Every structure is written in C-alpha cells, then in structure tokens.
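Note sheet for the following structure.
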Amino acid sequence: MPEIPELEVLKENLCTSLDGKSVKGISILKPYIQKTLVPADIAGQRVTGAERRAKYVSVVLERHRITVHLMLAGRFKLIASDRKAPASSAALIEFEDATSLALAEEGSLKKMCMWVFAEPETIDDLKELGPEPLSQGFTLERLEALLSHSAERIKNFLLNQAKIAGIGNAYSDEILWRARLSPAKQASKLSHEDAEALYNAIRSALLEAIEETRRLTGAKIEINETRPFMNVHRRKGEPCPRCGTRIEWVSTTSRDTFYCPKCQTGGRVLADNRTSKFLK
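Counting from 1 along the sequence shown, just add 31 to a position and that's the residue number in the working numbering.
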C-alpha cells in the first residue's frame, strides 16, 4: 500500500499534470468506488491543485474536491485524448481537453474509495486521523504524550492512523530499524531517549524516502512502490546494512514485520507464527 512518501510525490505530480484543467464530468464505471453522489455542478470547475492527508489524496477543484483512498491496488492513470481507459478503471474524471484521469484498481479486492464533496465538508474517516508526522505540530513532546497513553506494541502504534497519520507497514519497519527499537516493545514503556530516537527516525525515514521517490518516479503519476532504498523491509535473509546480521521477519495473517535482531531485539529472534502475540 502506498504511504506518505509515495502519496506526497503523487500529490505533487497531480498538481503539475492537472493544474488548470477544467472538468467535463465524472463517470462511475464500477459502483463500489463511489462513496458520495457526484454533484451536478461539477462540470466546468477548474483544477486548482492537489492535497494529501494521511493516505488520502484529493484533486482540488474551485468549489469541490475529489478525494481518493487508493488502498492496496488503486492507481491514478492519466489518459491521453487518443487513448482508451484501462479495463480496470472504476471511475473516470473527464476533462474538457479530452484527456481523463482514470481511477483504476487491479485484482479482486476492490476496496478503492472516492468521495466528491464541497468545502468545508470533510469525510468522517478524516476526522479520526492523528497528526501528520512531518507537520510543524508533530513535535517530540506530542509524540511522547501519544506514546504515554498507548498500551500497543510500538509497531501497531505506528500503524494506528488515529495516533499518527499516513505511516504503514513498510515505513514502520524502516522507522523502527533506524530507531533501534524492537517492534514488540510496548509504546508506553519507551524511555525519553527511545522516544527521541523514534521521533528522529520518523522524520528522517519519511523525508529521505520522499526524495528517493521523487528521483525514481519523475513526473509520472504512476506510483512507484519498488522502494530499492529500503534497509530492512522485505529484506529477509539479507545482511543488515548497519551491522551485517541476517535480517529476520515475523509473519501474521495481515502483515510481515522485518527487523534486525542485533540492532533491535538484543539478538533475540521473535516468534514467527500466526498466533504470535506481539503484533496483537
């Protein structure tokens, strides 16, 4: 699933690709994607920008915004005037210059969502989100306050969108590796030094990933999730870039967690089974 770095670059590239285009209409090709009605006065509105909040990306119009959660397999595809939209398209945002923006989703899960609403209305899900980890308001003090009230394991704390918005499975692994923290450690038991290391790791991991994603993606709006710059995520069996120890993983029904035993768990290999308690 795309996370803050991929979606931040996507937002930037949507701004560049769509700025100034006028909307002709929105076609719903697969009803599952539609979470709100498309207002009748959407036609003629000009694109004024794009925004990101957590894992939601919005195409901003003069009086409305089109907000999308891509989930696991959703993608934006810019369709030229002489091209057909892919069969996987669930919705089309059509522009007056005969181009269109396809909201496409491969596979069978079909969880991609689209809302169209007028400002200042907001999606209910957005109201429950925690702070943006790269915002000015996300300070070490705020992180420590959030940690102190959480009985979750630190991995789950990072994944909890009500605590911190926009971090997912991949970057939580990278953050914990940078901070030298076990994914099994309880959030409320982190020391001040641990919290400071976590705070710095959150910012550095995300900011560096944004720069790498810009370099890999260029001006395209196709999300690049290859992430060759990652240190531990999906690196099972490879040597840790910091100490050379074999990277391990623990698997659950919904996610895999990658970590370095020497750097993060005091040399201990976490139990790798579907009933492991540490991710619950």
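Here a beta-carbon is modelled for each residue, glycine too, at the ideal position from N, C-alpha and C.
Everything numeric in this text was worked out from a predicted model, so none of it was measured.
Distances from the alpha-carbon of D50 to those of G197, G297, L109 put L109 closest. Cα atoms of H223 and T47: separation of roughly 42 Å, rounded to the nearest angstrom.
For C46, the uninterrupted alpha helix (DSSP H) segment begins and ends at 35-49.
Counting along the chain, E279 sits inside the beta strand (DSSP E) bounded by residues 279-282.
In the three-state DSSP reduction, F289 falls in the strand class (E or B).
Looking at the DSSP output, H95 shares a beta bridge with A149.
No Cβ-Cβ contact shorter than 9 Å links K186 with T276. Between E125 and S58 the beta-carbon gap is near 6 Å, inside 8 Å, which marks them as a contact.
For the 9 Å CB-CB criterion, L101 and L178 do not form a contact. Take I64, set aside five residues on each side of it, and the residues of its chain with a beta-carbon closer than 6 Å to its own are A121, A122, M143, M145, in chain order.
Beta-bridge annotation (DSSP): H100 is paired with Y87, C144. Taken atom to atom, the span from the alpha-carbon of A218 to that of E183 is near 6 Å.
In its chain, beyond the 5 residues on either side, Q192, A193 have a beta carbon closer than 8 Å to the beta carbon of E159.
Between K52 and E93, the alpha-carbon positions lie close to 11 Å from each other. For I233, the CB contacts under 7 Å within the same chain, skipping 5 residues up- and downstream, are P164, I206 in chain order. Counting only residues of its own chain and dropping the five nearest sequence neighbours on each side, L60 has a CB closer than 7 Å to the CB of S120, A121, A122, L123. For E205, the secondary structure class from DSSP, reduced to helix, strand or coil, is helix. With respect to the 9 Å criterion, E34 and Y202 are classified as neighbours on the basis of their beta carbons. As the crow flies, the alpha-carbon of S235 is around 11 Å from that of P36.
Check the Cα spacing between S131 and each of A302, R114, T283, R299: the tightest is with R114. Annotation for A85: L160, Q192, A196, G197 place their beta carbon closer than 7 Å to its own, counting only its chain and skipping 5 residues before and after. By the criterion of a C-beta distance shorter than 7 Å, K66 is surrounded in its chain by C144, M145, W146, once the five residues flanking it on both sides are discounted.
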